[in-house]
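Following this note's numbering, the numbering of the sequence shown begins with 910 at its first residue and continues without gaps.
Using N, Cα and C, we set each Cβ at its ideal position, and we do this for glycine too.
Reviewing the structure listed below.
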Amino acid sequence: MNEAKDAATPMEIHLKLLNEEGKLLENPNLYRKLSGSLIYLTITRPDPAYSVSVISQSVQEPRVPHWIATKRILRYVKKIEEFGLKYGRNKELKLIGFRDADWAGDENDRRSTPGHCFLFGSVAITWCSRKQGIVALSSTKA
910 MNEAKDAATP MEIHLKLLNE EGKLLENPNL YRKLSGSLIY LTITRPDPAY SVSVISQSVQ
970 EPRVPHWIAT KRILRYVKKI EEFGLKYGRN KELKLIGFRD ADWAGDENDR RSTPGHCFLF
1030 GSVAITWCSR KQGIVALSST KA
């Protein structure tokens, strides 16, 4: 991947990876190791966290479209290698929070994925996104 072109985003917009779409990978162990390494990366780099969570849902039976999406994340990581968060002085220290959810966004099981991010000043201090355990039957529950 050293010679690969950079990617501006970790995942294509509106990409839906279906469990039954595409050919099974011949060597799923490489995919599993790579997705595990990317999960470890999200501890210090929160921006590809959603994309990594999407590809890690298919480690049981990874397919070619999942592999292509994983390689795109690597191309994105190559681009942001020099980026980082700057924790410096800020005159206005406010706690700001954002929360959102996609209603039945997963094409495979129709579950929603809510997420949140909190900033203190201009720096992210916590973030999370997790697929819901049940299928939301209304937008209020989602």
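- Item | Span of the alpha helix (DSSP H), counted from its first residue to its last, around L939 | 937-950
- Could you give the C-beta distance for K932 and V973, rounded to a whole number, given that I count them as a contact under 8 Å? 5 Å
- May I ask which residues mark the beginning and end of the beta strand (DSSP E) holding H1025? Per DSSP, the unbroken beta strand (DSSP E) holding H1025 starts and ends at 1022-1029.
- Item | Same chain only: Cβ atoms within 7 Å of I948, ignoring 5 sequence neighbours per side | V961, S965
- Message: Using C-beta distances below 8 Å, list every residue in its chain close to W976, excluding the 5 sequence neighbours before and after it, in chain order.
- Response: Taking C-beta separations shorter than 8 Å and ignoring five residues to either side along the sequence, the partners of W976 in its chain run L934, Y940, following chain order.
- Message: Given this structure, state the Cα-to-Cα distance separating T951 from P957, to the nearest angstrom.
- Response: 7 Å
- Local conformation of V1032 per DSSP, three classes: strand
- Quick one, are the C-beta atoms of G1006 and H1025 less than 8 Å apart? yes
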